[in-house]
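Chains as they are written, first to last, in the numbering used here: chain Z, 534 to 764; chain H, 534 to 764. We treat Cβ as the ideally placed atom computed from N, Cα and C, and that holds for glycine. Everything on this sheet refers to the single structure shown next.
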DNA sequence: TAGATTGTTAATCGATTAACAATC
DNA sequence: TAGATTGTTAATCGATTAACAATC
C-alpha cells in the first residue's frame, strides 16, 4: 500500500517532488492528461533525466514510450509527500511574521492547517486571527498533546527560539519549521527545516558582489560562469 | 583589496558563512575575542573541518596553533557577504507577507533596507508601512532605475509572480528573492533565491510519513538513520 | 513494426570528510 | 620546546548526468 522508499532519496529530490506535484496540479487544471519527463522538466526548470531519477527513488509511475498520466502521477506525489492528510500545525509567535503565516492560504490549500497559535505577550493572547484564538504559552503543552499535533512553526525572536523549541519537543512535536535567524539544536528524531531570510539575502548579496568583482578586475576565465540559481 | 574567490565555493558554503558571521557577532557581544574552528563548528552545528574548508575558499584568516580572532574573522565574513553595504531593496506585493517583510527588523540589522514598495491594489497604494509609501506598479520601473536598486523581494500571488519578475528585471534588478510558490524563469545573469513555504512543509511531512512507515513495517536496517536536518 | 519514452545502470561531477604537514 | 590548531591536500562520499536496454 504505502510507497516505501527504494534506496535513499536525496533531500533535494524530495523538494523537487513538491515542484512536480505543484506543476502536475496546474497541468490538470488546464485539462492536460499526459506528460513526459521532458515536458515536466521544462516546466519545473529541471532536466528530463533528473525527473526520471527522482521518481525512480519511489517507484515506476509511467509507461515506456508513452509518458506519465498526470492524474495518477499527481496522486503518487501527493501520497509520498503526505499532502492532503490534513496535518494540523501549531504556530508559536504571533507577531508580524506569525500573523502572516496564519493568513497564508498556501498551507490550507496543501492540506496543512494552523489550528493552534501561542504567544508569550499578554496583549496578543486572546486575540483571534483567522478563526484561531491565540493562547498563552502555559497552555502549549496540554493543547499540543491533546490535539496530537506533530508539526509546529516557530516564529519568535531569535533569543526565545531555542526555549520554545524545547517546549514544543517536550509536548511531542516531531517536525519544526523555524523562522528565527538562529541555528536550533534538536535531537536526532526531530525533523527541522528552516526559513532564514538573512541567509537568503546575504547569499544574493554575495553573488552580486562577486559578479561586480569579477567584472571589475579579473580575467575572462571567470566571467560568465553559471552562478545563477534557477528557480 | 577585495577578497576574491580562490577556487569555487559551493552554494552551501556561502550560506554557512552567514551562520558563521551571525555566530561571530554573538560571540563578540559576549566579549569573546578568539575562537577555534572546533568551537565555531559546535556553535553552528557544523564540523571543524568544514569550517576550515569553507573559510579556505576565501583566504587564510586564522593563525596556526592559535585560532581565529573573532573581530577580524567577522569583518572578513562581513566583507565577503557584502553585509553592511546598505543595499537598498524593493518589495513588490504588500499583502500579509509583504507587510511582515517590511516590518522585519532582521533586514536593516544586516544592512539591507526595503526602501521602496509596490502593489497593484489601489486600496494599498498610498498607504505607509514603516516609513515606506506603497507606490503603484506603473512607477516601478522609473523608481528602481532612479534609485539604482539591484535587489527585490517578490511577495505577490503565484499567478502574478512571473510578470512582476520580468518588470523588475527590465527595470535593472539583478537579484530576486521570491516568496511566491512558483518556479520563476530568469535569465542567467539574474540571481534568484526562493523561500517556498509549501516545499518546506511538504518536506517535513515527507520525513514524518517516512518515519512512521519505517517504524510500522520495515526491518531494522532502515531505522534510526540520520534523516534529520540539523539546524 | 517503428518511434517514443521510460526505468535503470554506469560515468561524471562536486561536495564533504579525514588526514597531516606547516607553523604559531 | 611541546602542544595546539590552522590551511591544504587526498580520500570518500553522494548527487547529478548521460547512456541505453527494456518496452509501450
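The contact set of residue 562 of chain H on chain Z, defined by CB atoms closer than 9 Å, is empty, because the minimum CB distance reaches about 12 Å. At a cut-off of 8 Å between beta carbons, residue 699 of chain Z makes no contact with chain H. Restricting attention to Z:738, Z:560, Z:636, the CA atom closest to the CA of residue 664 of chain Z is found in Z:636. With fewer than 16 neighbouring CB atoms inside 10 Å of its own CB, residue 672 of chain H falls in the exposed class.
Neighbours of residue 619 of chain Z in chain H, taken as residues whose beta carbon is under 8 Å from its own, are absent, since the nearest beta carbon is some 11 Å off.
Taking C-alpha positions only, residue 629 of chain Z is separated from residue 729 of chain Z by approximately 15 Å. Residue contact with chain H for residue 605 of chain Z: absent (no Cβ-Cβ distance below 8 Å to any residue of chain H). For the segment 617–642 of chain Z, the residues whose beta carbon sits under 9 Å from a beta carbon of chain H are, in order, 618, 620, 622, 628, 629, 630, 631, 632, 633, 634, 635, 636, 637, 639, 640, 642. In the structure shown, residue 596 of chain H falls within a strand segment according to DSSP collapsed to helix, strand and coil.
If one requires a minimum length of 3 residues, the beta strand (DSSP E) runs lying completely within the segment 574–635 of chain Z are 620–625, in chain order. Counting only runs that start and end inside the segment 715–744 of chain H, the beta strand (DSSP E) elements of at least 3 residues fall at 724–727.
Under DSSP, the beta-bridge partners assigned to residue 646 of chain H are H:621. Residue pairing by DSSP places residue 669 of chain Z opposite Z:652 in a beta bridge. In this structure the segment 674–693 of chain Z does not lie against the segment 598–605 of chain Z, because fewer than three pairs of beta carbons, one per stretch, are closer than 8 Å.
Residue environment for residue 733 of chain Z: buried (at least 16 other C-beta atoms within 10 angstroms of its C-beta). Secondary-structure assignment with DSSP links residue 558 of chain Z through no beta bridge to anything. When only Cα atoms are considered, residue 667 of chain H and residue 742 of chain Z end up about 28 Å apart. Close CB contacts of residue 574 of chain H within its chain, under the 6 Å cut and outside five residues either way in sequence, are with 580, 581, 584 (chain order). Contact between residue 695 of chain H and residue 717 of chain H is confirmed by a C-beta separation of about 6 Å, below the 8 Å threshold. For a Cβ distance threshold of 8 Å, residue set 728, 730, 733 of chain H lies close to residue 728 of chain Z, ordered along the chain. Residue 550 of chain Z is positioned such that its CB atom lies no closer than 8 Å to that of residue 737 of chain H. In its chain, beyond the 5 residues on either side, 590 have a beta carbon closer than 6 Å to the beta carbon of residue 542 of chain Z. Spatial neighbours of residue 674 of chain Z in its own chain (CB-CB distance under 8 Å, excluding positions within 5 residues in sequence) are listed in chain order as 700, 703, 704.
Proximity of chain Z to residue 577 of chain H at the Cβ level (cut-off 7 Å) is accounted for by 716, in chain order. Residues of chain H with a Cβ closer than 8 Å to the Cβ of residue 594 of chain Z do not exist; the shortest Cβ-Cβ separation is about 16 Å. Taking a contact as a CB-CB distance under 8 Å, the pair residue 739 of chain H and residue 615 of chain Z counts as one, their CB atoms being some 6 Å apart.
Chain H has a Cβ within less than 8 Å of the Cβ of residue 547 of chain Z. Beta-bridge pairing by DSSP links residue 568 of chain H to H:601. When Cβ-Cβ separations below 8 Å define contact, residue 696 of chain Z makes no contact with chain H. Secondary structure of residue 658 of chain H (DSSP, three-state): coil. Scanning chain Z for C-beta atoms nearer than 8 Å to the C-beta of residue 682 of chain H yields nothing, as the closest lies near 12 Å away.
Residue nearest to residue 651 of chain H within the set H:643, H:645, H:660 is H:660 (criterion: CA-CA distance).
When the alpha-carbon of residue 654 of chain Z is set against those of Z:569, Z:564, Z:689, Z:731, the nearest one is in Z:689. Beta-carbon to beta-carbon, residue 632 of chain Z and residue 639 of chain H are separated by about 16 Å, too far to satisfy the 8 Å threshold. DSSP, reduced to helix, strand and coil, places residue 704 of chain H outside both helices and strands of the structure shown, so it counts as coil.
Pairing residue 597 of chain H with residue 642 of chain H, the inter-Cα distance amounts to about 33 Å.
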